[in-house]
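K.L.:
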Amino acid sequence: MANSTASAPLLHSSLAARACKSSPATSKTGFPVKCVVARHCANHFNVSAILRRSSKPLRFTQFATGTSPAHFANLFHTSPITPLSHKKPCTPPSASQSAVSQPLERRKPLPTGENAEGLIFPAGEAGAWDSHAVGGPVVRRYLSDNEERWCMWYHGRASSDEGKAMPLADPSFGSLGLATSSNGIHWSRGGEKVVTDQYGNGGTGMVMEPNQDWWTFDTRHVRVSDVQIMSSQVVRAQSGVYWLYYSGGDAEELPLPELLSMPGGSPPGTIVEGLRQRPGLAMSQDGKNWARIEGEHHSGALFDVGEEGEWDALFVGCPQVVFYVPQDLRMFYHSLDTNSNTFSIGLARSREGVRWQKLGRVLQPGDAPGAFDERGVAAPHVVPDPRGGGYFMAFEMVGGDGRRRIGVAKSKDGLGSWAKAEGVVFAPSDVTSVWDNHSVCRPCLVPMGGDRWRLYYVGYDGGGSAGIGMAESEEGVKGPYRRWRQTDLPSV
């Protein structure tokens, strides 16, 4: 039965946007559709518009490919959104498909030696868009009858941005990128913007930049938190559509809290931009050309930070979305409570993935003195238990020393009752010369079948350098996890 309370999102593209000169289009339902024309990131969607039954019409962006506003004024039904199985080929083209030339695309050789154990994705080469830092991996594995394809969306920034502060726990004063792989270890990456042809074929590289409109919530940086493939009759597409949830930082100047000051970054109290973050949504049919969806907030964000004095008044970070049942999507996110100076994880719910209602905190700091999470919990990544019976959440544990470790919690219903596993699931290396000896954070769990799990994460050394690593468990989601070694898999 159609959802009578909400319509759903439309794909639109706006890495930079300006007012549409044409008159606003009107749908067959009579709801106005406001248009914004993109100056960058041309797209090739077989999609029209998104309409919502609310007092505020949803804005979308016309593509910079000559598409007329009237093309977007089709009627959309309000059917529930359905997630697609990951047992489908990844959209990025295989070797047999034609692709647009990507001059800087390459498979970067992995570092070798004991000090690089676990490191699978360091910062890019000199001159690349991600040459200074990488972080926040969102890894997806897609299986078909004859191939295995991996996609990793991540954020990074170039060395030319070194004069800008990095205010948060992972290095993302910058843009979003896409890398692909056949095994989840050796990754093909691009050093420039992704360029695709009219069929969406193209390489890897940077896929989304901060917004150039001064009034938007994501003018300083964009940080990927989740990518889902979902289908719905509300979006006219021949296959599933990628839904990208991210956090964006704006230009408001704020003092850097102590717990957000990492080694090699700005000291506490430094006035920085990009700290005030809100959640955003973008869509794509190929995982490369993204279209922002303007949410309820006047800045284009899906929703606002909390009121002054509330636990999430500073920012809304790492918004990760889980599909539970039709008309029930749940977003987990974290914030720093400036009253207690601790991190907590909160929950919001939505029927259609655009309009959200906050439900408060669901996971809070440990109350035992000296606990590994006494300063808080952050960066949630929730996955269904493949064997049924609930959900697992991997999360950052912030200790009294400010270092990050990774823990796991379990919930039967995925709402407010989460039970933390005892102790630390994955910790920084205890060898001072190793690349991730200070902190491990931003976990991303990938089930591999049976009791096998992969844990992708961001690692920091004591000097502020960061990279993306991977560890594996053969004994279930709670580990123990062993860092990947060069000898585990032949090079490809």
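Following the numbering used here, the numbering of the sequence shown begins with 15 at its first residue and continues without gaps. We put the CB at the ideal spot given by N, CA and C, even for glycine.
(1) Buried or exposed, going by whether 16 or more other CB atoms sit within 10 Å of the CB of Thr194?
(2) Quick one: measure Cβ to Cβ for Val376 and Met411, integer angstroms, because I've assumed they're closer than 8 Å.
(3) Verify whether the separation of the beta carbon atoms of Lys12 and Gly216 is less than 8 Å.
(4) By a C-beta neighbour count over all protein chains shown, 10 Å radius and 16 as the cutoff for buried, is Trp229 buried or exposed?
(5) Do Phe409 and Val397 have their CB atoms nearer than 8 Å?
(6) Just mark Val339 as buried or exposed, buried being the case when its beta carbon has 16 or more other beta carbons within 10 Å.
(7) Got a sec, what are the start and stop residues for the beta strand (DSSP E) Trp201 sits in?
(8) Assign Thr218 to one of three DSSP states: helix, strand, or coil.
(9) Take Thr233 and list the residues in its own chain whose beta-carbon comes closer than 6 Å to its own, dropping the five residues that flank it on each side.
(10) Could you check if Ile285 is buried or exposed, using at least 16 other CB atoms within 10 Å of its CB as the buried criterion?
(11) Using 8 Å as the Cβ pair cut-off and three pairs as the minimum, do the region 435-449 and the region 474-484 touch?
(12) Do the CB positions of Asp240 and Val335 come within less than 8 Å of each other?
(13) Can you tell me where the beta strand (DSSP E) holding Pro333 begins and where it ends?
(14) What residue from Ser453, Gly430 and His348 has the CA that sits closest to Val391's CA?
(15) Please report the straight-line C-alpha distance between Leu328 and Gly219, rounded to a whole angstrom.
(16) Within a Cβ cutoff of 7 Å, which residues of the same chain sit near Pro282, ignoring the five residues on either side of it in sequence?
(17) In terms of residue numbering, what span does the beta strand (DSSP E) encompassing Lys302 cover?
(18) Run through the region 259-319 for me and flag every whole beta strand (DSSP E) of 3 or more residues, listed as ranges in chain order.
(19) Under a three-way DSSP split, which group does Asp502 fall into?
(20) Is the beta carbon of Glu488 sitting closer than 8 Å to the one on Asp465?
(21) Would you decide whether Arg154 is buried or exposed? Buried here means 16 or more other CB atoms lie within 10 Å of its CB.
(22) For Tyr495, collect the residues of the same chain with a Cβ closer than 6 Å to its Cβ; drop the 5 residues on either side in sequence, then sort them by chain order.
(23) Might you give, ordered along the chain, the residues of its own chain that have their beta carbon closer than 7 Å to the beta carbon of Lys492, omitting 5 neighbours on each side?
(24) Going straight from the alpha carbon of Cys49 to that of Ile307, what length do you get?
(25) Is Ile420 closer than 8 Å to Pro394 when the C-beta atoms are compared?
(26) What did DSSP end up calling Ala130 once you bin it into helix, strand or coil?
(27) Does Leu469 come out as helix, strand or coil in the three-state DSSP assignment?
(28) Quick one: residues in its chain with C-beta nearer than 7 Å to the C-beta of Asp351, no 5 flanking neighbours on either side, listed in chain order?
(29) Contact criterion: CB-CB distance below 8 Å. Does Met462 meet it with respect to chain C?
(30) Can you give me the C-alpha to C-alpha distance between Arg497 and Arg417, rounded to a whole angstrom?
(31) In or out: Lys426 buried (at least 16 other Cβ within 10 Å) or exposed?
(32) By how many angstroms is the C-alpha of Glu321 removed from the C-alpha of Ala297?
(33) What is the DSSP secondary structure of Phe386, reduced to helix, strand or coil?
(34) Roughly how many angstroms separate the alpha carbons of Gly132 and Ile199, rounded to a whole number?
(35) Could you give the distance in angstroms between the alpha-carbon of Leu385 and the alpha-carbon of Ile134?
(36) For the putative contact between Leu343 and Ser313, defined by C-beta atoms under 8 Å, what is the C-beta separation to the nearest angstrom?
P.N.:
Walking through what the data contain:
(1) Against the sequence shown, residue 194 aligns to sequence position 180. Its Cβ being crowded by 16 or more others within 10 Å, Thr194 is buried.
(2) Counting from one through the sequence shown, the residue named residue 376 turns up at place 362. Counting from one through the sequence shown, the residue named residue 411 turns up at place 397. That belief does not hold up - the Cβ atoms of Val376 and Met411 are roughly 16 Å apart, past 8 Å.
(3) An answer regarding residue 12 cannot be provided, because it is not within the stretch 15 to 506 covered by the chain.
(4) Numbered from 1 along the sequence shown, position 215 holds the residue referred to as residue 229. That one is exposed.
(5) For the purposes of this step, residue 409 is taken as residue 395 along the sequence shown, with counting starting at 1. For the purposes of this step, residue 397 is taken as residue 383 along the sequence shown, with counting starting at 1. No.
(6) The residue given as residue 339 occupies position 325 in the sequence shown. That one is exposed.
(7) As a first step, residue 201 is located in the sequence shown; it is residue number 187 there, counting from the start. Start and end: Trp201 to Arg203.
(8) For the purposes of this step, residue 218 is taken as residue 204 along the sequence shown, with counting starting at 1. Residue state for Thr218 is assigned as coil, using DSSP reduced to three classes.
(9) Taking the first residue of the sequence shown as position 1, residue 233 is located at position 219. Taken in chain order, the residues that qualify are Pro224, Asn225, Asp264 and Ala265.
(10) For the purposes of this step, residue 285 is identified with residue 271 of the sequence shown, where counting begins at 1. Ile285 is exposed by the Cβ-count criterion.
(11) Cβ pair count under 8 Å is three or more, so yes.
(12) Taking the first residue of the sequence shown as position 1, residue 240 is located at position 226. Taking the first residue of the sequence shown as position 1, residue 335 is located at position 321. Yes, Cβ-Cβ distance for Asp240 and Val335 is below 8 Å.
(13) Stepping through the sequence shown from its first residue, residue 333 is reached at position 319. Element bounds for Pro333: Gly331 to Val339.
(14) As a first step, residue 391 is located in the sequence shown; it is residue number 377 there, counting from the start. Ranking the options by Cα distance to Val391, first place goes to His348.
(15) Position 314 of the sequence shown holds residue 328. Position 205 of the sequence shown holds residue 219. Whole-angstrom Cα-Cα distance: 31 Å.
(16) Counted from its first residue, the sequence shown places residue 282 at position 268. Around Pro282: Leu270, Pro271, Glu272 and Ser275.
(17) Within the sequence shown, residue 302 is the residue found at index 288, counting from 1. Counting along the chain, Lys302 falls outside any beta strand (DSSP E), and DSSP gives it neither H nor E.
(18) 291-298 and 305-307
(19) Translated into the one-based positions of the sequence shown, residue 502 becomes position 488. Helix at Asp502.
(20) Reading the sequence shown from its first residue, position 474 is the one you call residue 488. Reading the sequence shown from its first residue, position 451 is the one you call residue 465. Result yes, Cβ atoms of Glu488 and Asp465 sit closer than 8 Å.
(21) Position 140 of the sequence shown, counted from the start, is the residue given in the question as residue 154. Classification for Arg154: buried.
(22) Walking along the sequence shown from the start, residue 495 turns up at place 481. These residues qualify, in order along the chain: Phe440, Leu469, Ala485 and Ser487.
(23) Residue 492 sits at position 478 when you count from the first residue of the sequence shown. Once the five neighbours on either side are set aside, the close Cβ partners of Lys492 are Val422, Ala435 and Val439.
(24) Counting from 1 along the sequence shown, the entry for residue 49 is found at position 35. Counting from 1 along the sequence shown, the entry for residue 307 is found at position 293. Only weak support is given to the placement of Cys49: the predicted model assigns it a pLDDT of 28, under 50, and the value that follows is read from those uncertain coordinates. The alpha-carbon atoms of Cys49 and Ile307 are separated by roughly 11 Å.
(25) Stepping through the sequence shown from its first residue, residue 394 is reached at position 380. Stepping through the sequence shown from its first residue, residue 420 is reached at position 406. No. Outside cutoff.
(26) The sequence position of residue 130 within the sequence shown is 116, counting from 1. Looking at Ala130 - three-state DSSP - the assignment turns out to be helix.
(27) Here residue 469 corresponds to residue number 455 of the sequence shown, with the count starting at 1. It is a strand residue.
(28) In the sequence shown, residue 351 corresponds to position 337, counting from 1. Here the set comprises Trp325 and Ser358.
(29) No chain C appears in the structure shown, which is made up of a single protein chain.
(30) Here residue 497 refers to the residue found at position 483 of the sequence shown. Here residue 417 refers to the residue found at position 403 of the sequence shown. So the alpha carbons of these two residues sit roughly 19 Å apart.
(31) Reading the sequence shown from its first residue, position 412 is the one you call residue 426. Taking all protein chains in view, the Cβ of Lys426 is surrounded by fewer than 16 other Cβ atoms within 10 Å, so the residue is classified as exposed.
(32) Within the sequence shown, the letter at position 283 stands for residue 297. Within the sequence shown, the letter at position 307 stands for residue 321. Correcting the residue type first, residue 297 is Met in the shown sequence and not Ala. Between Met297 and Glu321, the C-alpha separation is close to 29 Å.
(33) Residue 386 sits at position 372 when you count from the first residue of the sequence shown. Coil.
(34) Here residue 132 refers to the residue found at position 118 when the sequence shown is read from its first residue. Here residue 199 refers to the residue found at position 185 when the sequence shown is read from its first residue. Each residue's Cα considered, the two are about 10 Å apart.
(35) Here residue 385 corresponds to residue number 371 of the sequence shown, with the count starting at 1. Here residue 134 corresponds to residue number 120 of the sequence shown, with the count starting at 1. One detail in the question is off: residue 385 reads as Ala in this sequence, not Leu. The straight-line gap from Cα to Cα measures roughly 30 Å.
(36) The residue given as residue 343 occupies position 329 in the sequence shown. The residue given as residue 313 occupies position 299 in the sequence shown. Rounded, the Cβ-Cβ distance is 22 Å, inconsistent with contact.
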